[in-house]
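Participant:
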Amino acid sequence: MSTVTVHVGTRTYRGSGIDLSVEGLAPMAVYEAVVAETTGGAETVGETAGRVVVESPNPNTGYETLWRICEKSTNSLLHSLAAAARSRGRTAPEDDERVNVEATLGSLDVPTVEMTAVRRRVADAGADEARLGERVAELRGRLQARRETDESTEGVGDVRQELSETVARLTEVETERIAAEQALERAEREAADARDARERRLRLEDRAANLARAARRRLAEGVYDEFASALRSVPGEADAGAGPQAFRGDPVTARLAAVRVADLDAPVVLSVDRFDDADAAADALDTPVVRV
Numbered sequence: 068m069s070t071v072t073v074h075v076g077t078r079t080y081r082g083s084g085i086d087l088s089v090e091g092l093a094p095m096a097v098y099e100a101v102v103a104e105t106t107g108g109a110e111t112v113g114e115t116a117g118r119v120v121v122e123s124p125n126p127n128t129g130y131e132t133l134w135r136i137c138e139k140s141t142n143s144l145l146h147s148l149a150a151a152a153r154s155r156g157r158t159a160p161e162d163d164e165r166v167n168v169e170a171t172l173g174s175l176d177v178p179t180v181e182m183t184a185v186r187r188r189v190a191d192a193g194a195d196e197a198r199l200g201e202r203v204a205e206l207r208g209r210l211q212a213r214r215e216t217d218e219s220t221e222g223v224g225d226v227r228q229e230l231s232e233t234v235a236r237l238t239e240v241e242t243e244r245i246a247a248e249q250a251l252e253r254a255e256r257e258a259a260d261a262r263d264a265r266e267r268r269l270r271l272e273d274r275a276a277n278l279a280r281a282a283r284r285r286l287a288e289g290v291y292d293e294f295a296s297a298l299r300s301v302p303g304e305a306d307a308g309a310g311p312q313a314f315r316g317d318p319v320t321a322r323l324a325a326v327r328v329a330d331l332d333a334p335v336v337l338s339v340d341r342f343d344d345a346d347a348a349a350d351a352l353d354t355p356v357v358r359v
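Per my numbering, the sequence shown starts with residue 68, numbered consecutively.
Below is the structure:
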């Protein structure tokens, strides 16, 4: 079991079981310090007055699931056991396909197609075309009526001028309407492609989720005998049963046993009162412990 060093401001704690309960730290502060140390983000003690720095081996696979032991665990037993299995280097047959599916998901482009503005453009152009068409018909009717009744030609020039301008504007609007309709057709094709892409994404997401569940179940079942044995070494009442679905017990006991099964080098954060002290917890769990 590895030894861990924790700096809280200018104070230093060292050991496989470290009790930081007097420091009043949030569990997440310890976790973030472990991750910061792993990624090279930790600072020197002199620069971190009031801050936490953890010196420990790098967290391995599964640590992000098992790092905390608390009364209200958010992970299912299958998640915990699968994480324990992966911390020991175990894999599942579903892993390769899931990686490929997730890679496809990551490269899948699902565009957002804005239809409202395109439809409004078509509607506006159509309305303008109808209005101008009515005006052209009205002006032509007035000119025709004057010719048929031999009325005075006074004002005819103005009507003809307006008619010419209105016809020209109508031609422009007809062109705009045609362009708008073509744009709408393109947008509708793009929207159909986007729907197809969304449906494909949903299918891939479902497939990835199904593969992940199958892998968790397989991994959990692969370490279940060891988990059942570990239950006898940690405090708490539980009945392992024949498999994960048959387990009867509280989630804290389950998490303690899962951590004992796991091969974790970085410290887990303990915030339950199941052990006399941090050293006893580290011995029972066979992993470094920081108690908060």
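C-beta: ideal position from N, C-alpha, C; glycine also.
According to DSSP, which residues form a beta bridge with A305?
Facilitator: Answer is G316.
Participant: Just how far apart, CA to CA, sit P334 and E131?
Facilitator: 11 Å
Participant: DSSP state of V89, grouped into three classes?
Facilitator: helix
Participant: For the beta strand (DSSP E) that T79 lies in, which residues bound it at each end?
Facilitator: R78 to G82
Participant: Touching or not, the segment 295–314 and the segment 186–206, by the rule of three or more beta carbon pairs under 8 Å?
Facilitator: no
Participant: Which ranges would you report for the alpha helix (DSSP H) in the segment 227–298 if only whole runs of at least 4 residues count?
Facilitator: Complete alpha helix (DSSP H) runs here, min 4: 291–298.
Participant: Could you give the DSSP three-state label for T70: helix, strand or coil?
Facilitator: coil
Participant: Where does the unbroken alpha helix (DSSP H) through E196 begin, and where does it stop?
Facilitator: T183 to T216 is the span of the alpha helix (DSSP H), which, as asked, contains E196.
Participant: R358 and I85 - do their beta-carbons sit closer together than 8 Å?
Facilitator: yes
Participant: Note down, one range per segment and in chain order, each beta strand (DSSP E) of at least 3 residues found wholly within the segment 134–180.
Facilitator: none
Participant: At the level of alpha carbons, what is the spacing between A258 and V180?
Facilitator: 6 Å
Participant: Am I right that S123 and P355 are in contact with their C-beta atoms under 8 Å? What's the rounded C-beta distance?
Facilitator: Yes, S123 and P355 are in contact; Cβ-Cβ is about 7 Å, under 8 Å.
Participant: Check whether the Cβ atoms of A151 and V339 sit closer than 8 Å, and answer yes or no.
Facilitator: no
Participant: With DSSP as the reference, please indicate the residues paired to R358 in a beta bridge.
Facilitator: Note: R358 sits in a beta bridge opposite D86 and L337.
Participant: Check whether the segment 259–273 touches the segment 162–181, taking contact to mean three or more Cβ pairs, one atom from each stretch, closer than 8 Å.
Facilitator: yes
Participant: Using CA coordinates, which residue listed in E138, G91, L144 and S296 is at the minimum distance from R118?
Facilitator: G91
Participant: From F294 to R280, what distance separates their C-alpha atoms?
Facilitator: Answer to the nearest angstrom: the Cα atoms are 19 Å apart.
Participant: Taking the C-alpha atoms as reference points, what is the distance between G113 and V75?
Facilitator: Unreliable placement is indicated for G113, whose pLDDT of 36 sits below 50; the coordinate value is still reported in the next sentence. The C-alpha of V75 is placed about 11 Å away from the C-alpha of G113.
Participant: Who are the near neighbours of E243 in its chain, counting only those whose CB is closer than 6 Å to its CB and skipping five residues on each side?
Facilitator: A192
Participant: May I have the straight-line CA-CA distance separating E195 from E239, to the nearest angstrom?
Facilitator: A small correction: the amino acid at residue 195 is Asp; Glu does not occupy that position in the sequence shown. About 10 Å.
Participant: Quick check on R299: buried or exposed, where buried means 16 or more other Cβ atoms within 10 Å of its Cβ?
Facilitator: exposed
Participant: Hey, out of E288, P160, E161 and R322, whose CA is closest to G303's CA?
Facilitator: Nearest to G303 by C-alpha distance, out of E288, P160, E161 and R322, is R322.
Participant: What is the rounded straight-line gap between the Cα of T21 and the Cα of L337?
Facilitator: Residue 21 lies beyond the range of the chain shown here (68 to 359); nothing can be said about it.
Participant: State the beta-bridge partners of V121 as determined by DSSP.
Facilitator: V73
Participant: Between the C-alpha atoms of V234 and V168, what's the straight-line distance to the nearest angstrom?
Facilitator: 58 Å
Participant: Leaving out five residues before and five after E229 in sequence, what residues of the same chain have Cβ atoms less than 8 Å from its Cβ?
Facilitator: L206
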